[in-house]
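For the protein sequence lines, the chains are F and Y, in the order given. Counted from 1, the first sequence has number 47 at position 47 by the numbering used here; the numbering is strictly sequential. Counted from 1, the second sequence has number 30 at position 30 by the numbering used here; the numbering is strictly sequential. Note sheet for the following structure.
Number of protein chains: 2
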Amino acid sequence: MNRVGLERKVLSENDRLAATLRDRFETHNVLCANLISSPGAGKTTLLERTLENLNPHARVAVLTGDIQTENDARRLRRFGFPVRQITTGGTCHLDARMIERGLEEWALDELEMLFIENVGNLVCPSSYDLGEAAKIVVLSVAEGEDKPLKYPSIFFKSELMVLNKVDLLPYVPFDIAAAEENARRVHPGIEIIRVSCARRMGLGAWMAWLGARREKMLNARAAVV
Amino acid sequence: MNRVGLERKVLSENDRLAATLRDRFETHNVLCANLISSPGAGKTTLLERTLENLNPHARVAVLTGDIQTENDARRLRRFGFPVRQITTGGTCHLDARMIERGLEEWALDELEMLFIENVGNLVCPSSYDLGEAAKIVVLSVAEGEDKPLKYPSIFFKSELMVLNKVDLLPYVPFDIAAAEENARRVHPGIEIIRVSCARRMGLGAWMAWLGARREKMLNARAAVV
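Printed below as a string of structure tokens:
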């Protein structure tokens with residue numbers, strides 16, 4: 001009983017911090033995207049492809065989370081954008097406090113987009129609001145088409161499913177129509193983009209989605225102000 | 001502060017239950033293996049191949065965990081062995097209490113081997129002892145060779161790493177020597193078996209490992225009694 005009570009308290013403290021972060025992102029017109037997937041589904045590679053496709057003057061930054069190692073930050077820094085690694089030391093998800101600390105040395109008014117790469121875990125990160133405008137779930141075709149039904153929370157909460165590694169479709173038992181139907185069964189409004197980050201396929205649609213999503217945020221804000 | 005204290009209390013309650021389960025498994029000469037991996041690394045397919053390779057009179061049972069759906073139990077029941085699904089309803093790991101309940105209708109003295117398929121999650125299940133004789137981590141070559149360094153706890157605690165989907169090696173950027181070196185850097189004594197469950201490769205070594213592991217357990221017990 002105590003455990004449930006405390007979990008609620010921890011989550012509501014996180015929600016309070018996340019609301020503050022969301023305010024800050026909106027005030028500074030920063031689109032914040034929270035990328036979530038299983039280990040090895042391709043979040044870091046998707047970010048590598050994103051950064052290499054951006055105008056080098058784009059005002060974009062990345063916070064990348066892992067339990068151990070600085071590997072991902074090293075991979076992502078090659079593209080010249082600001083990148084910080086958040087090493088959780090065992091914790092299975094990022095929380096709003098970690099994001100707040102990760103942002104400490106950055107001026108939000110110098111950014112237009114912030115990517116958060118969550119810890120590789122299809123379960124726990126879905127419970128922690130980070131103040132993001134959008135959660136994005138990355139699913140690899142090597143994982144199987146049943147995953148949206150087995151891990152419904154993250155598919156329900158994500159605006160977009162990026163279906164990665166489609167170059168492997170000839171070699172794996174993966175029914176792509178069933179995968180998309182399963183995602184839509186959990187979340188009828190979910191958008192879906194098929195990509196292969198390894199083979200640089202489908203990335204135009206992904207870059208266009210990001211641009212349109214930031215426009216949408218700016219327009220929504222203009223309508224309010 | 002409270003949170004850490006409570007987490008310890010929950011874990012120590014789990015440890016107490018797990019110790020009771022371990023006693024029961026040992027008393028009845030049941031080898032219990034706890035399979036852990038990311039979502040979609042191939043735990044269920046490995047179990048399908050295992051059950052189809054067993055003598056139909058083998059006294060083997062499976063407890064299979066998922067957040068939602070009974071899909072895995074349906075897949076595994078086709079082989080005629082007793083299978084029960086544990087649906088956690090959101091919880092990111094199995095715990096010893098769920099195993100205790102899962103076993104309620106089975107007589108342990110009618111079993112020689114129990115497989116537990118954990119929730120697909122490379123992080124949280126490593127913290128929960130289920131009374132198993134051995135944890136086994138399944139890593140798919142589609143996930144990348146850096147995973148043992150990024151998720152060290154489960155590789156440190158597993159006796160065996162089953163490296164699955166080796167049939168995909170020609171199509172994915174995966175350095176198999178580096179993956180094995182990374183696993184051994186975290187856990188020098190870890191055993192490694194390469195398989196492709198989809199193509200039925202390497203399964204002889206896996207079945208032999210299971211047989212040898214049960215022998216080892218029986219011999220250790222004979223030495224004590």
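All residues carry an ideal CB built from backbone N, CA and C; glycine is no exception. This structure is a prediction, so every number in the text was calculated from the model and none was measured.
is_contact[residue i, chain Y] using C-beta, thresh 8 Å
i                 : result
Leu-122 (chain F) : yes
Tyr-128 (chain F) : no
Met-66 (chain F)  : In the sequence as displayed, the identity of residue 66 (chain F) is Asp instead of Met. Closer than 8 Å: yes.
Asn-164 (chain F) : no
Ser-38 (chain F)  : yes
Tyr-151 (chain F) : yes
Pro-173 (chain F) : yes
Asn-71 (chain F)  : yes
Met-1 (chain F)   : In this prediction, Met-1 (chain F) scores a pLDDT of 41, lower than 50, which makes its location untrustworthy; the coordinate-derived value is nonetheless stated afterwards. Not one chain Y Cβ lies under 8 Å of Met-1 (chain F).
Range covered by the beta strand (DSSP E) that runs through residue i
i                 : result
Asp-72 (chain F)  : Careful: Asp-72 (chain F) lies outside any beta strand (DSSP E), inside the alpha helix (DSSP H) at 71 to 77.
Val-60 (chain Y)  : 60 to 66
Met-113 (chain F) : 113 to 117
Lys-135 (chain F) : 134 to 140
Val-166 (chain F) : Here Val-166 (chain F) belongs to no beta strand (DSSP E), and DSSP marks it neither H nor E.
Arg-97 (chain F)  : Unbroken run through Arg-97 (chain F) is the alpha helix (DSSP H), 96 to 102; no beta strand (DSSP E).
Asn-34 (chain F)  : 31 to 37
Val-83 (chain F)  : 83 to 87
Proximity of residue i and residue j at Cβ, strictly below 8 Å
i                 : j                 : result
Pro-148 (chain Y) : Val-195 (chain Y) : no
Ser-37 (chain Y)  : Gly-120 (chain Y) : yes
Ala-73 (chain Y)  : Val-60 (chain Y)  : no
Val-62 (chain F)  : Leu-47 (chain F)  : yes
Asn-118 (chain F) : Asn-219 (chain F) : no
Arg-214 (chain F) : Asp-167 (chain F) : no
Asp-146 (chain F) : Asn-71 (chain Y)  : yes
Gly-140 (chain F) : Ala-41 (chain F)  : A small fix is needed here, since residue 140 (chain F) is Ser in this sequence, not Gly. Yes, Cβ-Cβ distance for Ser-140 (chain F) and Ala-41 (chain F) is below 8 Å.
Val-30 (chain F)  : Met-113 (chain F) : yes
Leu-21 (chain F)  : Gly-131 (chain F) : yes
Thr-91 (chain Y)  : Asp-66 (chain Y)  : no
Ala-142 (chain F) : Ala-142 (chain Y) : yes
Gln-68 (chain Y)  : Lys-150 (chain F) : yes
Ser-126 (chain F) : Lys-165 (chain F) : no
Cys-197 (chain Y) : Arg-16 (chain Y)  : no
Val-137 (chain Y) : Phe-155 (chain Y) : yes
Arg-77 (chain Y)  : Thr-44 (chain Y)  : no
Min CB distance residue i to chain F below 8 Å
i                 : result
Leu-47 (chain Y)  : no
Gly-202 (chain Y) : no
Gly-144 (chain Y) : yes
Ala-198 (chain Y) : yes
Asn-118 (chain Y) : no
Lys-147 (chain Y) : yes
Cys-32 (chain Y)  : no
Nonlocal neighbours in the same chain, by C-beta distance under 6 Å from residue i, ignoring five residues either side
i                 : result
Leu-51 (chain F)  : Phe-79 and Phe-81
Gln-85 (chain Y)  : Thr-64, Glu-70 and Ala-73
Gly-211 (chain F) : none
Glu-180 (chain Y) : Ile-192
Inter-residue CB distance, residue i and residue j (contact presumed, cutoff 8 Å)
i                 : j                 : result
Ser-190 (chain F) : Leu-160 (chain F) : The question names Ser, yet the displayed sequence has Ile at residue 190 (chain F). With a Cβ gap of about 7 Å, Ile-190 (chain F) and Leu-160 (chain F) count as contacting.
Leu-122 (chain F) : Pro-152 (chain Y) : Between Pro-152 (chain Y) and Leu-122 (chain F) the Cβ distance is about 19 Å, and since that is not below 8 Å, they are no contact.
Check: residue i C-beta below 7 Å from any heavy atom of the ligand SAH
i                : result
Gln-85 (chain F) : Judged by which ligands are present, the structure shown has none, so any question about the ligand SAH falls away.
Extent of the continuous alpha helix (DSSP H) to which residue i belongs
i                 : result
Arg-213 (chain Y) : 203 to 224
Asn-53 (chain Y)  : 43 to 53
Arg-194 (chain Y) : Not the alpha helix (DSSP H): Arg-194 (chain Y) falls in the beta strand (DSSP E), residues 191 to 194.
Leu-149 (chain Y) : 147 to 150
Val-186 (chain F) : 176 to 186
Residues of its chain near residue i, where Cβ-Cβ distance is below 8 Å and the 5 sequence neighbours each way are ignored
i                 : result
Ile-193 (chain Y) : Leu-160, Met-161, Val-162, Leu-163, Gly-202, Ala-205, Trp-206 and Trp-209
Met-217 (chain F) : Glu-26, Asn-29, Leu-31 and Ala-133
Arg-221 (chain Y) : Glu-26 and Asn-29
Leu-111 (chain Y) : His-28, Val-30, Arg-59, Val-60 and Ala-61
Leu-169 (chain Y) : Val-141 and Ile-176
Same chain, Cβ closer than 7 Å to residue i, five either side skipped, listed in chain order
i                 : result
Asn-2 (chain F)   : Reliability fails at Asn-2 (chain F), whose pLDDT of 46 lies under 50, so the model's placement of it is uncertain and the value that follows must be treated cautiously. Excluding sequence neighbours, Asn-2 (chain F) sits near nothing in its chain.
Asn-14 (chain F)  : Asp-95, Ala-96, Tyr-128 and Asp-129
Arg-184 (chain Y) : Ile-190
Leu-54 (chain F)  : Val-60
Arg-172 (chain Y) : Here residue 172 (chain Y) turns out to be Val, not Arg, going by the sequence shown. So the list reads Val-141 and Ala-142, once near-sequence residues are dropped.
Asn-182 (chain F) : Glu-145, Asp-146, Pro-148 and Leu-149
Ala-18 (chain Y)  : Ala-96, Asp-129, Leu-130 and Gly-131
Trp-106 (chain F) : Ala-61 and Pro-82
Cys-124 (chain Y) : Cys-92 and His-93
Gly-102 (chain F) : Leu-63, Arg-84 and Ile-86
Arg-24 (chain F)  : Leu-108
Glu-100 (chain Y) : Leu-17 and Leu-21
Contact set between residue i and chain B, taken where Cβ atoms lie within less than 8 Å
i                 : result
Leu-168 (chain F) : Absent from the structure: chain B. Protein chains present are F and Y.
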